[in-house]
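**Student:**
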Amino acid sequence: MSWDPDERPELCELLGAVADAMEATGGEAAPVVLIDGPSGAGKSSLADLLVRHWPGADAPRLVRMDDLYPGWDGLLAASSALAGDLLEPLALAGHGRWRRWDWAGGRPAEWHDVAGTAPVVVEGCGTLAAANVRWAHLAIWLDADDALRKARALDRDGATFASHWDQWQSEFEEYLAREDPRGRADLVLDVTDWPIGSAPRHPSGSTVVP
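Residues are numbered in the working numbering as their position in the sequence shown, beginning at 1, plus a constant of 281.
Below you can see the structure in the form of structure tokens.
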């Protein structure tokens with residue numbers, strides 16, 4: 282997946298919004314971009330694309346919610362940890378952290394420190410909860426056709442995700458009802474026709490997750 286921003290108006294719109302968010306910080310804080318949306322919408326692929334075309338001198342740090350979820354019923358717990366451990370302390374003290382979940386071992390693993398004013402991009406289900414958006418400079422929601430999303434997700438993760446689809450979808454719907462993440466977005470993008478797909482993801486620890 283490789284786009285030329287000069288040839289893709291959708292990407293130009295996105296990069297323009299990112300540049301505005303960076304300017305709003307005045308260089309005094311780490312610009313935070315959050316990308317949320319349902320499974321299979323293409324969040325991880327869009328985040329990779331954004332990092333490659335980042336409109337600034339400092340390369341962004343990329344955090345994937347896949348690495349934070351404490352198991353298949355961990356969406357809400359990871360969403361809460363994102364604010365409490367990373368985003369709020371990063372904004373207030375210039376230093377936050379997140380803890381990786383060891384999917385293979387089924388237990389918490391090492392902490393990862395995030396400090397300084399270099400940009401931070403966080404992608405994954407659960408990022409646009411109110412407690413997270415409070416500390417974001419740009420909140421992005423991705424829409425995509427439901428049938429396409431499920432096909433992408435199951436093609437990407439196969440039987441691993443298929444056996445947990447209903448469980449994950451139930452918690453995601455609870456998150457939608459509680460937080461209205463789409464309504465909190467600064468930018469809503471329908472990416473059904475974007476060539477971003479859903480690339481395979483292998484979080485540290487082996488297995489693939491939503």
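Think of the CB as a built atom: it goes at the ideal place given N, C-alpha and C, for glycine as much as any other residue.
I need the DSSP call for Leu327, collapsed to helix, strand or coil.
**Tutor:** Counted from its first residue, the sequence shown places residue 327 at position 46. Of the three classes helix, strand and coil, the one that applies to Leu327 here is helix, per DSSP.
**Student:** Looking only at DSSP bridge pairs, what is Asp424 linked to?
**Tutor:** As a working note, residue 424 is residue 143 in the sequence shown. For Asp424, which the question treats as bridged, DSSP gives the partners Asp471.
**Student:** Check Ala412 in the structure and name its three-state DSSP category.
**Tutor:** Locating residue 412 in the sequence shown gives position 131, counting from the first residue. Note: Ala412 maps to helix in three-state DSSP.
**Student:** From the DSSP secondary-structure annotation, give me the bridge partner or partners of His376.
**Tutor:** As a first step, residue 376 is located in the sequence shown; it is residue number 95 there, counting from the start. Ala396.
**Student:** Any beta-carbon of chain C closer than 7 Å to the one on Arg459?
**Tutor:** No chain C appears in this structure, which consists of one protein chain only.
**Student:** Could you tell me the boundaries of the alpha helix (DSSP H) in which Asp447 lies?
**Tutor:** Position 166 of the sequence shown, counted from the start, is the residue given in the question as residue 447. Looking at the DSSP string, the run of the alpha helix (DSSP H) that includes Asp447 is Trp446 to Glu460.
**Student:** According to DSSP, is Leu315 part of a helix, a strand, or is it coil?
**Tutor:** Against the sequence shown, residue 315 aligns to sequence position 34. Looking at Leu315 - three-state DSSP - the assignment turns out to be strand.
**Student:** Evaluate the contact criterion for the region 451-469 versus the region 344-362: three or more CB pairs, one atom per stretch, below 8 Å.
**Tutor:** Judged by Cβ distances under 8 Å, the region 451-469 makes contact with the region 344-362, as three or more pairs qualify.
**Student:** Taking just the CA atoms, how far does Arg415 sit from Arg465?
**Tutor:** Reading the sequence shown from its first residue, position 184 is the one you call residue 465. Reading the sequence shown from its first residue, position 134 is the one you call residue 415. Taking the straight line from one Cα to the other gives about 10 Å.
**Student:** Quick one: residues in its chain with C-beta nearer than 7 Å to the C-beta of Ala224, no 5 flanking neighbours on either side, listed in chain order?
**Tutor:** Nothing can be reported for residue 224: it is not among the residues displayed for the chain, which extend from 282 to 491.
**Student:** Helix, strand or coil, according to DSSP, for Ala305 in the structure here?
**Tutor:** Within the sequence shown, the letter at position 24 stands for residue 305. In the structure shown, Ala305 sits in a helix (DSSP, three-state: H, G or I).
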